[in-house]
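Working notes, structure below.
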Amino acid sequence: MRSALSVTAVVAVVSFSPTPALAQPPAPLPPPTTASEALQQFQQLSEQASKVNEDLLKAKTDLDAKRAEYDKATADVALAGETEKQAMALEEQFRGQVDLLASASFQGARFNKISALLTGSSADDFLERASALNVLAADNQEALEKYTSAVATATDARKLAEDGQRRAAEAKAAAEKLTADVTKTHDDLQAQIKQVEQAKNRLSVKELAVLGGPKDDGVYLAPPGAAGRAMDVALAQRGKPYVWGAEGPGSFDCSGLTLYAYRAAGVSLPHSSRAQFGYGKSVSRSELIPGDLLFYGGSASTIHHVAMYIGDGRIVHASTTGVPVKTDTIDGGGRDYLGAKRIVG
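Numbered according to my numbering, the sequence shown spans residues 10 to 354.
The following block contains the structure:
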């Protein structure tokens with residue numbers, strides 16, 4: 010009966026995520042005629058590719074969650090069905106015992122008060138026998154009522170579990186469709202990503218230096234604990250290349266770097282800047298401490314970048330293709346800072 014009641018939780022965990030505004034692949038750009046145009050194209054395509062990559066990572070994270078919900082709902086249906094069968098078997102067993110008692114009494118067995126009166130040796134003996142018969146009948150009836158109630162509870166739980174399974178299947182199907190849509194957009198963008206590399210090849214040495222920014226191998230003091238450990242690990246990746254979808258150890262995208270760093274500190278995060286925004290507690294910009302994660306985007310549903318705060322108004326991050334993991338200022342490059350989260354502490 011407890012097993013039957015436990016499946017009622019399945020409905021509460023099945024939910025539909027709002028469909029995000031997906032980034033669309035850009036129209037093909039005309040070949041640049043100058044190095045400056047090549048730099049501009051490179052930056053535009055890199056930003057677009059990063060946003061689509063984040064859309065895909067978030068869609069895959071959501072799909073994994075929906076698949077887990079569906080698997081749990083399916084297991085709950087099986088458990089509820091088995092519990093219902095057991096309750097029905099017990100009900101039939103007790104119903105049979107009550108029927109046997111009634112049949113024996115009907116066929117002349119001395120299970121009634123008249124028999125007790127005729128066979129009793131005294132008034133006290135009659136009362137004792139009559140009382141025992143009352144107890145026997147009451148116990149059988151109570152047991153039958155309890156098991157009948159258990160069957161009803163188990164049946165209701167099975168129906169609830171089946172409803173939860175249906176809703177979980179619908180949520181999973183929606184997540185699969187969204188993932189397929191984003192994957193198509195991502196695949197369509199691959200041709201444009203080639204343009205990113207071509208645009209990069211057109212850059213002058215000076216523009217490549219501007220794109221990469223000044224090299225920073227400085228020492229930053231990390232606080233004790235998991236946040237400090239994550240910060241040290243993130244800083245140790247400086248100089249490694251940016252690769253869409255990478256989470257180390259040889260290359261990273263933005264959320265891959267923060268995932269990698271916090272994983273080394275014993276903290277699990279999803280591979281998506283948008284999903285990582287759902288972890289930890291919000292902190293204001295004036296309260297930032299090393300190890301906090303900083304998020305960029307117009308809103309929570311359009312977050313496209315995450316970085317780690319290292320103190321003194323600076324961050325370490327994997328910013329975009331062509332630029333290695335590096336340190337920068339919070340607002341460097343005109344990034345659209347949205348907010349910050351403290352993952353631990």
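From the three backbone atoms N, C-alpha and C, an ideal C-beta is built for every residue, glycine too.
None of the values given here were measured: they were computed from a predicted structure.
Contacting residues, own chain, Cβ-Cβ under 8 Å from residue 260 (five flanking each side not counted): Excluding residues up to 5 positions away in sequence, 249, 250, 251, 252 lie with their Cβ nearer than 8 Å to the Cβ of residue 260 in the same chain.
Identity of the residue in 82, 334, 272, 53 nearest residue 396 by Cα: Beyond the ends of the chain as shown, which are 10 and 354, falls residue 396; an answer cannot be given.
Sub-9 Å separation of residue 269 and residue 243 beta-carbons: yes
Does the beta-carbon distance from residue 93 to residue 167 come in below 9 Å? yes
Residue interval of the beta strand (DSSP E) (run including residue 346): First-last of the beta strand (DSSP E) with residue 346: 346-351.
With burial defined as no fewer than 16 other Cβ atoms inside 10 Å of the residue's Cβ, what is the status of residue 291: buried or exposed? exposed
Which residue from 337, 64, 338 puts its Cα closest to that of residue 192? 64
Less than 9 Å separating the beta-carbons of residue 334 and residue 246? yes
Take residue 299 as the anchor and find which of 197, 96, 351 has the nearest alpha-carbon. 351
Using 10 angstroms around the beta-carbon of residue 287, count the other beta-carbons present and answer buried if the total reaches 16, otherwise exposed. exposed
Cβ contact check for the segment 316-335 and the segment 47-63: 3 or more pairs under 8 Å: yes
Residue 224 in three-state terms, based on DSSP: coil
Sorted by chain position, which residues of the same chain lie with C-beta nearer than 7 Å to residue 76's C-beta, five sequence neighbours on each side aside? Once the five neighbours on either side are set aside, the close Cβ partners of residue 76 are 181.
Whole alpha helix (DSSP H) elements within the segment 275-342, 4-residue minimum: 282-285
Counterpart residues of residue 261 in DSSP-defined beta bridges: Beta-bridge analysis with DSSP links residue 261 to 251, 256.
Less than 9 Å separating the beta-carbons of residue 316 and residue 297? no
For residue 311 and residue 282, what's the separation of their Cα atoms in angstroms? 10 Å
According to DSSP, is residue 116 helix, strand or coil? Residue placement at residue 116 cannot be trusted, given a pLDDT of 45 that sits under 50; what the coordinates show is reported in the next sentence. Note: residue 116 maps to coil in three-state DSSP.
Where residue 189 and residue 221 are concerned, what is the direct C-alpha to C-alpha distance, given to the nearest angstrom? Spanning the two alpha carbons is a distance of roughly 34 Å.
Quick one: is residue 331 near chain C, going by C-beta distance under 9 Å? As a matter of chain content, chain C is missing from the structure shown, which is built from one protein chain.
Smallest Cα separation from residue 226: which of 325, 212, 342? 325
Looking only at its own chain, which residues have a Cβ that is under 7 Å from the Cβ of residue 348, when we skip the five neighbours before and after it? By the criterion of a C-beta distance shorter than 7 Å, residue 348 is surrounded in its chain by 291, 304, once the five residues flanking it on both sides are discounted.
Classify residue 129 as helix, strand or coil using the three-state DSSP reduction. Confidence at residue 129 is low in this model, with a pLDDT of 46, below 50, so the placement of that residue is unreliable and no value is reported for it.
Ordered along the chain, which non-local residues of its own chain (more than five positions away) have a Cβ less than 7 Å from that of residue 185? 72
In the structure shown, what three-state DSSP assignment does residue 229 receive? coil
Pairwise C-alpha distance: residue 69 and residue 183: 12 Å
Compare the Cα-Cα distances from residue 66 to each of 277, 254, 52 and report the closest residue. 254
Using a 10 Å radius around the Cβ and a threshold of 16 neighbouring Cβ atoms, would you call residue 267 buried or exposed? buried
From this set, 240, 53, 345, which residue's C-alpha is nearest residue 319's C-alpha? 240
Let me know if residue 262 comes out buried or exposed under the rule of 16 or more other beta-carbons within 10 Å of its beta-carbon. Buried, by the Cβ-count rule.
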